[in-house]
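Engineer:
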Amino acid sequence: MSDLEVCILPGKDFFSFTETPLNISLIVDEAAVESFPPEAKVDVSPTVFIPFQILTGQSGTVPVLHSIAVPLANNGISILQLSTYETDYTLIPEELVKKALSCFPPTFVIRDESRLFEDAIPNFQSPFYNAKRNSVNGSCLSMQLQDGEKTDGDQWINPEFLSKIATSEQITNLRRVVSFPDCPVYVTSLVGSVEAVQNTMSIPLINLLFYSDDRSFSRERGDRFFSFTRTAENASLILSEPCLSLFPPGSLNFCGGSWSILKIEDVAFAFEQCGIVRDFTEKLKNLGISIFYLTTYHTDYLLVNQEDYHAVMNALVHYDSTDISGH
Numbered sequence: 001m002s003d004l005e006v007c008i009l010p011g012k013d014f015f016s017f018t019e020t021p022l023n024i025s026l027i028v029d030e031a032a033v034e035s036f037p038p039e040a041k042v043d044v045s046p047t048v049f050i051p052f053q054i055l056t057g058q059s060g061t062v063p064v065l066h067s068i069a070v071p072l073a074n075n076g077i078s079i080l081q082l083s084t085y086e087t088d089y090t091l092i093p094e095e096l097v098k099k100a101l102s103c104f105p106p107t108f109v110i111r112d113e114s115r116l117f118e119d120a121i122p123n124f125q126s127p128f129y130n131a132k133r134n135s136v137n138g139s140c141l142s143m144q145l146q147d148g149e150k151t152d153g154d155q156w157i158n159p160e161f162l163s164k165i166a167t168s169e170q171i172t173n174l175r176r177v178v179s180f181p182d183c184p185v186y187v188t189s190l191v192g193s194v195e196a197v198q199n200t201m202s203i204p205l206i207n208l209l210f211y212s213d214d215r216s217f218s219r220e221r222g223d224r225f226f227s228f229t230r231t232a233e234n235a236s237l238i239l240s241e242p243c244l245s246l247f248p249p250g251s252l253n254f255c256g257g258s259w260s261i262l263k264i265e266d267v268a269f270a271f272e273q274c275g276i277v278r279d280f281t282e283k284l285k286n287l288g289i290s291i292f293y294l295t296t297y298h299t300d301y302l303l304v305n306q307e308d309y310h311a312v313m314n315a316l317v318h319y320d321s322t323d324i325s326g327h
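Heads up, the sequence shown is in the UniProt record's numbering, so the first residue is 1 and it goes up one at a time.
#1: Please tell me whether S236 and T84 are closer than 8 Å, where the distance is taken between their beta carbons.
#2: Should D43 be labelled buried (16 or more other beta-carbon atoms within 10 Å of its own) or exposed?
#3: Between which residues of its own chain and L287 is the CB-CB distance below 8 Å, once the five residues before and five after are set aside?
#4: For N305, does the three-state DSSP call read helix, strand or coil?
#5: Between the region 89–104 and the region 64–76, do three or more beta carbon pairs fall short of 8 Å?
#6: Rounded to whole angstroms, how far is the Cβ of H298 from the Cβ of L80, which I believe are closer than 8 Å?
#7: Over the uninterrupted alpha helix (DSSP H) stretch that includes K99, give me the two end residues.
#8: If we ignore side chains and look at the alpha-carbon of each, how far apart do F17 and A232 end up?
#9: If you draw a straight line from the C-alpha of W156 to the C-alpha of K283, how long is it?
#10: Any idea what DSSP makes of P63, helix, strand or coil?
#11: Using C-beta distances below 6 Å, list every residue in its chain close to residue 330, excluding the 5 sequence neighbours before and after it, in chain order.
#12: For F52, tell me which candidate among S45, V187, A100 has the shortest Cα-Cα distance.
#13: Just mark S245 as buried or exposed, buried being the case when its beta carbon has 16 or more other beta carbons within 10 Å.
#14: How many Å lie between L209 and T296 at the Cα?
#15: Exposed or buried, what is K305 when buried is set at 16 or more other beta-carbons lying within 10 Å of its beta-carbon?
#16: Keeping to the same chain, check which residues put their C-beta closer than 7 Å to that of I291; ignore five residues upstream and five downstream.
#17: Am I right that S251 and V191 are in contact with their C-beta atoms under 8 Å? What's the rounded C-beta distance?
#18: Would you mind stating whether V187 and I238 have Cβ atoms separated by less than 8 Å?
#19: For S25, count the other beta carbons within 10 Å of its own beta carbon; 16 or more makes it buried, fewer makes it exposed. Which is it?
#20: Using C-beta distances below 8 Å, list every residue in its chain close to I289, excluding the 5 sequence neighbours before and after it, in chain order.
#21: Which of the three DSSP states, helix, strand or coil, is assigned to L22?
#22: I'd like to check one pair, P204 with S258: are the Cβ atoms closer than 8 Å?
#23: Considering only their Cβ atoms, is the gap separating N253 from S189 smaller than 8 Å?
#24: For N253, list the residues DSSP reports as bridge partners.
#25: Going straight from the alpha carbon of E34 to that of V28, what length do you get?
#26: So, F280 versus I261, is the Cβ gap smaller than 8 Å?
#27: Could you give the distance in angstroms between the alpha-carbon of L96 and the alpha-carbon of L82?
#28: Let me confirm a value: S40 is counted as buried when at least 16 other C-beta atoms fall within 10 Å, else exposed. Which label applies?
#29: Rounded to whole angstroms, what's the CA-CA distance from G256 to V109? Just pull it up for me.
#30: Could you pull out every residue in the same chain whose Cβ sits closer than 7 Å to the Cβ of N75, ignoring the five residues on either side in sequence?
#31: Tell me S16's beta-bridge partners as DSSP assigns them.
#32: Pull up the DSSP beta-bridge partners for L262, would you.
#33: Work out the CA separation of V64 and F226 for me, nearest whole Å.
#34: Given that a residue counts as buried once 16 or more other Cβ atoms are within 10 Å of its Cβ, and exposed if not, what is D182?
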C-alpha cells in the first residue's frame, strides 16, 4: 500500500493529516505506518490509541467536550482530541481504556460493538449484538450523553492509532500561551459519499497534500494551515481561502463562515500533557459557542468562528494561567 493510497483511497482505515507552519502530523493505523518506506524520516510513537466517536448530534459543542475531558484529566489520562465537520473523536491510550471508562458518570452511554471492554463499562449497552456488523473491522466504541440528540451510530473506525503518552510523573500543569495566527480557515466536507475522494477529488487533494507551494497560493507552504481527515464514511477538510480555489464550485459543504486559529503553545508533545482539553474548554464552556479542536504531534489548536473571536479572547485573558500573544 503506497502513501498515496493511504491518503486518498476510501477504505476501512482512519487517516488524518494536519500541516501547520511547525510540522506535519499524521494519525493513521498500524498498517499505514508499515507502508512508509524505511528511509522516510517519520517519528512514530509506540502507544496505540482507541478512538471514541462522540454522538451528540453536532460537532464542537464546548460543554460536551468539557464534560468528556474533565473526568479523564482528573484521573491523569491524557487524550488526543480531533474535531471534524461531522463529529468529534476522543482518542484514549489503549492501556488506559478500562481506567478511562470506569471514570465516566452514568450520564454517558458507552457502546462497545466488539465487547472488548464490557467488564470495564458500568452502564454497558450492546445495541449491535444482533445487528449486521459494519464494514469497518476492529473494536468499535462510541460515547453518547443520555440527554443529547441521538445520531446514527454506524460510523465506526479502526482503533489502531499510533501516538505517544507520558508517564504519570511526566504530566505537569504547564503555563499555556495562546496565540492567534492571522490565517483564517474554513471547515468543510466533501459533498456526497467518501467515494468522491477517489472519483472526483483526488487531484486537488494530491495537490494540497504533496505539491502545494507559493506558486499556487498567495501564502508559502511553510505559512499555511491545512487538515484533512478521512474515515470510511466521511472526508473533512480545514483549509485556507486560497486552497478553496482547487475545488469545483458546489463540491464542498461549509460549516459557518471563516474560523480563526488559536495555537496553544508551550506544550511540546501536546498529547503527553494531561488536562489541556479540560482547561481550555473550562474557560469557554459558558460562551454558548462551538469550537473545533485539533491535537497534533507537537501542539493543540482551537478553531473559533471569527464572529466569536473577541468573546473567546476576552474569556481567555481573564484567566491568570493564560497569556495572549498575537502573530
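Glycine included, C-beta positions come from ideal geometry on N, C-alpha and C.
Structural biologist: Let me spell this out:
#1: Within the sequence shown, residue 236 is the residue found at index 236, counting from 1. Within the sequence shown, residue 84 is the residue found at index 84, counting from 1. A contact, by the Cβ cut-off of 8 Å.
#2: As a position in the sequence shown, residue 43 is number 43, starting the count at 1. Classification for D43: exposed.
#3: Here residue 287 refers to the residue found at position 287 when the sequence shown is read from its first residue. Hits under 8 Å: V62, D308, A311, V312, A315.
#4: In the sequence shown, the residue the question calls residue 305 occupies position 305. Three-state result, N305: strand.
#5: yes
#6: Here residue 298 refers to the residue found at position 298 of the sequence shown. Here residue 80 refers to the residue found at position 80 of the sequence shown. About 12 Å; that fails the 8 Å criterion.
#7: Reading the sequence shown from its first residue, position 99 is the one you call residue 99. 97–102 is the span of the alpha helix (DSSP H), which, as asked, contains K99.
#8: Along the sequence shown, read from residue 1 onward, the residue named residue 17 stands at position 17. Along the sequence shown, read from residue 1 onward, the residue named residue 232 stands at position 232. So the alpha carbons of these two residues sit roughly 15 Å apart.
#9: Here residue 156 corresponds to residue number 156 of the sequence shown, with the count starting at 1. Here residue 283 corresponds to residue number 283 of the sequence shown, with the count starting at 1. Low per-residue confidence applies at W156: pLDDT is 31, beneath 50, and the placement is therefore not dependable enough to give any value.
#10: Here residue 63 refers to the residue found at position 63 when the sequence shown is read from its first residue. The answer is helix: DSSP assigns P63 an H, G or I state.
#11: Any answer about residue 330 is impossible in this case: the structure gives the chain only from 1 up to 327.
#12: Sequence index remark: in the sequence shown, residue 52 carries index 52 (1-based). The candidate whose alpha carbon is nearest that of F52 is A100.
#13: The sequence position of residue 245 within the sequence shown is 245, counting from 1. That one is exposed.
#14: Locating residue 209 in the sequence shown gives position 209, where the first residue counts as 1. Locating residue 296 in the sequence shown gives position 296, where the first residue counts as 1. Rounded to whole angstroms, L209 to T296 spans 16 Å at the Cα level.
#15: Walking along the sequence shown from the start, residue 305 turns up at place 305. The displayed chain sequence assigns Asn, not Lys, to residue 305. Answer is buried; the Cβ neighbour count reaches 16.
#16: Within the sequence shown, residue 291 is the residue found at index 291, counting from 1. G60, V62, L284, L302, L303, V304, listed in sequence order.
#17: Counted from its first residue, the sequence shown places residue 251 at position 251. Counted from its first residue, the sequence shown places residue 191 at position 191. 6 Å between Cβ atoms; contact.
#18: Position 187 of the sequence shown, counted from the start, is the residue given in the question as residue 187. Position 238 of the sequence shown, counted from the start, is the residue given in the question as residue 238. Result yes, Cβ atoms of V187 and I238 sit closer than 8 Å.
#19: Residue numbering aside, residue 25 sits at position 25 when the sequence shown is read from its first letter. Buried: at least 16 other Cβ atoms inside 10 Å.
#20: For this step, residue 289 is matched to residue 289 along the sequence shown. Contacts found: V62, V304, N305, D308, A311, V312.
#21: Indexing the sequence shown from 1 puts residue 22 at position 22. L22: coil per DSSP, three-state reduction.
#22: Along the sequence shown, read from residue 1 onward, the residue named residue 258 stands at position 258. Along the sequence shown, read from residue 1 onward, the residue named residue 204 stands at position 204. Not a contact, by the Cβ cut-off of 8 Å.
#23: For the purposes of this step, residue 189 is taken as residue 189 along the sequence shown, with counting starting at 1. For the purposes of this step, residue 253 is taken as residue 253 along the sequence shown, with counting starting at 1. A contact, by the Cβ cut-off of 8 Å.
#24: Reading the sequence shown from its first residue, position 253 is the one you call residue 253. BP columns for N253 point to S189.
#25: Position 34 of the sequence shown, counting from 1, holds the residue named residue 34. Position 28 of the sequence shown, counting from 1, holds the residue named residue 28. Distance between the alpha carbons of E34 and V28 is about 10 Å.
#26: Position 280 of the sequence shown, counting from 1, holds the residue named residue 280. Position 261 of the sequence shown, counting from 1, holds the residue named residue 261. Not in contact: F280 and I261 (Cβ atoms no closer than 8 Å).
#27: The sequence position of residue 96 within the sequence shown is 96, counting from 1. The sequence position of residue 82 within the sequence shown is 82, counting from 1. About 18 Å.
#28: Position 40 of the sequence shown, counted from the start, is the residue given in the question as residue 40. Residue 40 is actually Ala in this sequence, not Ser. A40 comes out exposed.
#29: Against the sequence shown, residue 256 aligns to sequence position 256. Against the sequence shown, residue 109 aligns to sequence position 109. The alpha-carbon atoms of G256 and V109 are separated by roughly 30 Å.
#30: Within the sequence shown, the letter at position 75 stands for residue 75. The answer, listed in chain order, is K99, C103.
#31: Along the sequence shown, read from residue 1 onward, the residue named residue 16 stands at position 16. S16 pairs with I27, T229.
#32: Looking up residue 262 in the sequence shown gives position 262. Answer is L302.
#33: The sequence position of residue 226 within the sequence shown is 226, counting from 1. The sequence position of residue 64 within the sequence shown is 64, counting from 1. Approximately 25 Å between the Cα atoms of the pair.
#34: As a first step, residue 182 must be located in the sequence shown, where it is residue number 182. Label assigned to D182: exposed.
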